[in-house]
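I have placed the structure first, in the form of structure tokens, so that the comments after it can refer back to it.
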Amino acid sequence: MESRQLRYFVTVARERNFTRAAEKLHIAQPPLSRQIQALEEEFGVALFDRGSRPLALTDAGKLLFDQAVQVLDRMDEMKAMVKRLLEAEKPRFSIGFVASTLYGYLPEVIRRYRAARPGVELSLQEMTTMEQIAALKEGRIDVGFGRIPFNDATIERTLLRNEKLCVALPLMHPLASRIGSLRLEELAGDALVVYPKAPRPSYADQVLALFRERGLRPALVHEVRELQTALGLVAAESGVCLVPASVERLRRDNVVYRPLDEAGAVSPIIMSTRKGDKSPEIGLVLRLVKDMYRKEGITFGA
4 MESRQLRYFV
14 TVARERNFTR
24 AAEKLHIAQP
34 PLSRQIQALE
44 EEFGVALFDR
54 GSRPLALTDA
64 GKLLFDQAVQ
74 VLDRMDEMKA
84 MVKRLLEAEK
94 PRFSIGFVAS
104 TLYGYLPEVI
114 RRYRAARPGV
124 ELSLQEMTTM
134 EQIAALKEGR
144 IDVGFGRIPF
154 NDATIERTLL
164 RNEKLCVALP
174 LMHPLASRIG
184 SLRLEELAGD
194 ALVVYPKAPR
204 PSYADQVLAL
214 FRERGLRPAL
224 VHEVRELQTA
234 LGLVAAESGV
244 CLVPASVERL
254 RRDNVVYRPL
264 DEAGAVSPII
274 MSTRKGDKSP
284 EIGLVLRLVK
294 DMYRKEGITF
304 GA
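For the sequence shown, our numbering gives the first residue as 4, with consecutive numbering after it.
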């Protein structure tokens, strides 16, 4: 007797019809009938009264049905227990990231990590830099990639690089036809779209500080929750937006990108981990980043 035969028998008993049971089991009816017959031959009794409509269990069939349901339930419980055990033993590694890092080299780092550690269950979570700090402290992520400098005695930060900023302009903006770089003073008369709106401090504060340090004030500031929304407002000619240069890879209708010629107009990419965490997975991720930067001619930490 096989567990498969018991499952067939229980399904027929519940459906009270061989045709419906076969459909539910995704098998043809003749093989199903043969398996039930084999089970009856093994027990030496008829399990179904085939003359009744709908199909009915014999007394022996009722007894076997009750026992078979218990056996199958127990087998399912055992399988679930073994699965949970295997999942508990499987190494896990969780990465938090701000959305804009996906337009840079992070996807390639993740791809190479998966190739190097196929046995590790990798999870990815989009979150702001400040959300990453809380997640690191609570153990919900193992490493975070963000853009906001901060000081916390329990968190170790590694500057990967400073990424230049560029300007996202509406297609019909007067400066969109400019081939060269733009200056912030040329944008001071425009509405400025910044993101994220919360939590603060955030990348939005870095952008606003660039204007403030130069004594400039945008005509209007639109605060939105995410990058995609910011670019949507730019496309709708509701303002301009300063974005990391890698975002230029995100082609969007009615939006053009122009370089920004301003000292200090950069956004850091910072890798954050728990202080003292010597996980080999963290070391591997850092090596992958450094290897990729060397390949692309990017100076690490600058």
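The C-beta atom is built at its ideal place from N, Cα and C for all residues, glycine as well. Quick caveat: nothing in here was measured; it's all calculated off a predicted structure.
What's the call for residue i, buried or exposed, on a 16-neighbour Cβ count within 10 Å?
i: Asp193; result: buried
i: Leu351; result: What the structure shows of the chain is the stretch from 4 to 305, and residue 351 is not part of that stretch, so it cannot be assessed.
i: Ser180; result: exposed
i: His29; result: exposed
i: Gln209; result: buried
i: Glu188; result: exposed
i: Pro202; result: exposed
i: Ile182; result: exposed
i: Gly99; result: buried
i: Val15; result: buried
i: Leu223; result: exposed
i: Pro247; result: buried
i: Gln40; result: exposed
i: Val237; result: buried
i: Ser6; result: exposed
i: Glu166; result: buried
i: Arg164; result: buried
i: Pro221; result: buried
Who are residue i's beta bridge partners in DSSP?
i: Val197; result: Glu226
i: Ala233; result: DSSP output for Ala233 lists no bridge partner at all.
i: Lys167; result: Val269
i: Arg160; result: Ser275
i: Gly304; result: None, per the DSSP bridge assignment.
i: Asp79; result: Bridge partners of Asp79: none, in fact.
i: Gly147; result: Gly99, Ser275
i: Phe51; result: Leu60
i: Glu124; result: Arg95
i: Leu172; result: Val259
Between the beta-carbon of residue i and the beta-carbon of residue j, is there less than 8 Å?
i: Glu240; j: Pro173; result: yes
i: Pro262; j: Cys169; result: yes
i: Ala71; j: Thr61; result: no
i: Arg114; j: Leu125; result: no
i: Val196; j: Val269; result: no
i: Ala31; j: Ala24; result: no
i: Gly149; j: Ile273; result: yes
i: Ser103; j: Val250; result: yes
i: Phe51; j: Leu35; result: no
i: Tyr198; j: Ala191; result: no
i: Arg87; j: Val123; result: no
i: Ala171; j: Leu213; result: no
i: Ile136; j: Ser205; result: no
i: Leu2; j: Tyr108; result: Any property of residue 2 remains undetermined from this structure, which presents the chain solely from 4 to 305.
What did DSSP end up calling residue i once you bin it into helix, strand or coil?
i: Pro177; result: coil
i: Met130; result: coil
i: Val13; result: helix
i: Arg7; result: helix
i: Tyr260; result: strand
i: Arg220; result: coil
i: Ala207; result: helix
i: Arg290; result: helix
i: Leu139; result: helix
i: Pro247; result: strand
i: Phe214; result: helix
i: Leu66; result: helix
i: Arg239; result: For the sequence presented, residue 239 should be read as Ala rather than Arg. Residue state, collapsed to three classes: coil.
i: Leu253; result: coil
i: Leu362; result: Since the first and last residues shown for the chain are 4 and 305, residue 362 lies out of range.
i: Pro152; result: coil
i: Leu42; result: helix
i: Pro283; result: helix
i: Ala71; result: helix
Once the 5 residues before and after residue i are set aside, which same chain residues still bring their CB inside 7 Å of it?
i: Met4; result: Leu42, Glu45
i: Gln38; result: Gln8, Tyr11
i: Lys140; result: Thr157
i: Pro57; result: Arg19, Asn20
If I measure Cβ to Cβ from residue i and keep anything under 6 Å in the same chain, skipping five residues before and after, which residues do I get?
i: Tyr296; result: Phe303
i: Thr276; result: Val146, Glu159, Ile285
i: Asp133; result: According to the sequence provided, residue 133 is Met. The question's Asp does not apply to it. Here the set comprises Pro202.
i: His176; result: none
If I measure Cβ to Cβ from residue i and keep anything under 8 Å in the same chain, skipping five residues before and after, which residues do I get?
i: Val112; result: Val288, Leu291, Val292, Met295
i: Gln128; result: Ser97, Ile98, Gly99, Phe100, Ala138, Arg143, Ile144
i: Phe68; result: Phe12, Val13, Ala16, Leu60
i: Ser184; result: Arg261, Pro262, Leu263, Asp264
i: Lys278; result: Ala156, Thr157, Ile158, Glu159
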